[in-house]
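Everything below concerns the one structure shown next.
There are 2 protein chains.
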Amino acid sequence: MGVKERKLREKTKLRKKIIKSATKLFLEQGYEGASIRMIAKDIEYSPATIYLHFKDKQALFSVIIEEAFSLFKQNLENAKIIADPLSRLQELCKRYIRFAQKEPLYYELIFLERASKDQEGSHLRYTKLTHDLFIQTIQECKKSNYFLSKHPESLGLTIWSFIHGLATLELQERLDYVDPSQRTILLEETLKTFFSFLRSV
Amino acid sequence: MGVKERKLREKTKLRKKIIKSATKLFLEQGYEGASIRMIAKDIEYSPATIYLHFKDKQALFSVIIEEAFSLFKQNLENAKIIADPLSRLQELCKRYIRFAQKEPLYYELIFLERASKDQEGSHLRYTKLTHDLFIQTIQECKKSNYFLSKHPESLGLTIWSFIHGLATLELQERLDYVDPSQRTILLEETLKTFFSFLRSV
DNA sequence: TAAAACTAAAGAACACTGTTCATAAAATTA
DNA sequence: TAATTTTATGAACAGTGTTCTTTAGTTTTA
């Protein structure tokens, strides 16, 4: 009676095929740029078939974002190997920026794509988890006698705003008036400047 | 021989009519949401007529953004009445955030809308002008013996990244997991936290 | 004043888009 | 083999940005 199992296998296989193709196209062309028809053509099925696996374009997109975020989250959580909490906090910032630089489109899809009604929930989850990760690390800093005069919530949002802003400006090509070699230096200096603020408390 | 003049008047009148309607619709529905056909219907002309006044949708959009940015810029430059440069810098940040809160869609259109090929130029101009305004104020701070150990460029980008990040997170509804009354407090506290960093140098 | 030139506006068309639904084909069960 | 269920699709709908040809109206020239 392995029929059901095989059927399920075939179904998930096609599902994965759709996701793979959609991921590629969303990353290449953005949400609006990629079309259901393009995905269908790529996997050599009709557009209607995609709707047998996903409610609509947005639902397909959500699945991809979910995977992107778990990649992002794992990347940040790997910073836990660093013992000193202040160094760990700095490492968190560096990894954050590095992810945004290496996977600009993933970052954009997670944190910058306009939320539509039915996926608002996931967007809030992503931001809350990210914010919490910063706050948690700050609380560990406090245990080691750093930031004694600061509230974890507002300090967390301060740090996250800075990192998110810097990442966003760069990946949306808002810093392109500085030429590339100087830009790398500017970004490093900017991070250092911010870290010097953190150490001053 | 006032024929040409009248013709021109009529032409610019229709042009303004298009811009007015387009502004309303872009703000209501966003760039993708608003369509040429919707604008045409609103002003009671055919879609093709709009193309007699603007090369394409993007060109029409650019004109509107241009106006939005000059509004934004003027808003910030009004901070110049404050004599003490450090207070002026803080006022700049506050005005920046306030603009983003009061005109979230304008802010989004200027600093977050994805740049298309033929308007890349204007986007860079907006960001450069904004960045320069921060750097200029910082240089005035240095003359008054603040920030002596910092480079204006990296300090400018630090401040701007923070403000841009905070504004972006809020207006893109990424902080909605905090309830509204607490959110206002959190935002104020976050600004204070950042200002305390600035004063510590 | 009549004809010619110019210009503003529109209608229709093209090639796209997301999505739905009835129909056809294939596979499984009885 | 026949009936049933699953899977896939073609065609259609209503929408999009944009272009091009045609029409109608106005202005200039002869």
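Top line first, the protein sequences correspond to chains A and B. The numbering used here applies: residue 1360 is where the first sequence begins, and numbers increase by one. The numbering used here applies: residue 1360 is where the second sequence begins, and numbers increase by one. C-beta atoms are modelled at their ideal positions from N, C-alpha and C, and glycine is treated no differently.
Residue-level contact to chain A via CB, residue i, 8 Å cutoff
| i | result |
| --- | --- |
| S1429 of chain B | no |
| F1458 of chain B | no |
| Q1495 of chain B | no |
| E1548 of chain B | yes |
| F1521 of chain B | yes |
| L1483 of chain B | yes |
| E1403 of chain B | no |
| R1368 of chain B | no |
| R1396 of chain B | no |
| R1454 of chain B | no |
| R1447 of chain B | no |
| M1360 of chain B | Below a pLDDT of 50, predicted positions are generally treated as unreliable, and M1360 of chain B, at 46, falls in that range; the measurement from the model is reported next regardless. No, M1360 of chain B does not count as interfacial toward chain A. |
Chain B residues whose Cβ lies nearer than 8 Å to that of residue i
| i | result |
| --- | --- |
| S1559 of chain A | F1556, S1559 and V1560 |
| L1545 of chain A | E1512, S1513 and L1516 |
| R1374 of chain A | Simply none; closest approach about 28 Å. |
| R1542 of chain A | Simply none; closest approach about 10 Å. |
Per-residue burial, residue i [other beta carbons within 10 Å of its own, 16 or more giving buried]
| i | result |
| --- | --- |
| S1559 of chain A | exposed |
| P1539 of chain B | exposed |
| K1370 of chain A | exposed |
| E1391 of chain B | exposed |
| Q1460 of chain B | exposed |
| Q1449 of chain A | buried |
| L1411 of chain A | exposed |
| A1393 of chain A | buried |
| L1546 of chain A | buried |
| L1367 of chain B | exposed |
| Q1524 of chain B | In the sequence as displayed, the identity of residue 1524 of chain B is Gly instead of Gln. Under this definition G1524 of chain B is a buried residue. |
| I1518 of chain B | buried |
| I1544 of chain B | exposed |
Contact test: residue i Cβ vs the ligand FMN heavy atom, cutoff 7 Å
| i | result |
| --- | --- |
| Q1460 of chain A | Absent from the structure shown: the ligand FMN. Ligands present: none. |
Contact list for residue i against chain A, beta-carbon separation under 8 Å
| i | result |
| --- | --- |
| K1487 of chain B | Y1536 |
| E1391 of chain B | E1391 |
Under 9 Å from the C-beta of residue i: neighbouring residues of chain B
| i | result |
| --- | --- |
| G1480 of chain A | Residues of chain B passing the Cβ test: none, with the nearest at roughly 10 Å. |
Residue i: contacting residues in chain B (beta-carbon distance under 7 Å)
| i | result |
| --- | --- |
| T1552 of chain A | K1509, S1513, L1514 and T1517 |
Residues of its chain near residue i, where Cβ-Cβ distance is below 6 Å and the 5 sequence neighbours each way are ignored
| i | result |
| --- | --- |
| F1553 of chain A | F1521 |
| Y1455 of chain B | I1522 |
| I1441 of chain B | R1447 and E1450 |
Contacting residues, own chain, Cβ-Cβ under 8 Å from residue i (five flanking each side not counted)
| i | result |
| --- | --- |
| L1471 of chain B | T1527 and Q1531 |
| L1451 of chain B | L1435, A1438, L1492, F1493 and T1496 |
| K1376 of chain A | I1402 |
| S1503 of chain B | D1443, P1444 and L1445 |
| F1413 of chain B | I1377, L1419 and V1422 |
Own chain partners of residue i with C-beta closer than 7 Å, once the 5 adjacent residues on each side are dropped
| i | result |
| --- | --- |
| S1508 of chain A | V1560 |
| Q1498 of chain A | P1511 |
| L1514 of chain B | I1497 and F1506 |
| F1420 of chain A | F1385 and Y1390 |
| R1542 of chain B | L1534 |
| D1576 of chain A | The question about residue 1576 of chain A has no answer, for chain A in this structure spans 1360 to 1560. |
| I1398 of chain B | I1377, S1380, A1381, L1384 and I1409 |
| P1463 of chain A | L1530 |
| F1458 of chain B | F1431, N1434 and Y1466 |
| R1396 of chain A | P1406 |
CB contact check: residue i to chain B, cutoff 8 Å
| i | result |
| --- | --- |
| R1365 of chain A | no |
| H1412 of chain A | no |
| E1425 of chain A | no |
Neighbour list for residue i in chain A, Cβ cutoff strictly below 9 Å
| i | result |
| --- | --- |
| T1527 of chain B | F1470, L1471, S1520, H1523, G1524 and T1527 |
Requested in this report: Report the residue ranges of all alpha helix (DSSP H) runs contained in full by the stretch 1412-1497 of chain B; include only those spanning at least 4 residues, in chain order.
Outcome: Taking 4 residues as the shortest admissible run, the stretch 1412-1497 of chain B contains the following complete alpha helix (DSSP H) segments, listed from N- to C-terminal end: 1416-1436, 1444-1461 and 1463-1470.
**Report entry** Secondary structure, alpha helix (DSSP H): runs of 4+ residues fully inside the stretch 1381-1412 of chain A
**Finding:** Contiguous alpha helix (DSSP H) elements confined to the stretch 1381-1412 of chain A occur at 1395-1402 and 1406-1412, taking only those with 4 or more residues.
**Report entry** Continuous alpha helix (DSSP H) assignments of at least 4 residues falling wholly in the stretch 1486-1550 of chain A
**Finding:** For the stretch 1486-1550 of chain A, the continuous alpha helix (DSSP H) assignments of 4+ residues that do not extend past its boundaries occur at 1511-1530, in sequence order.
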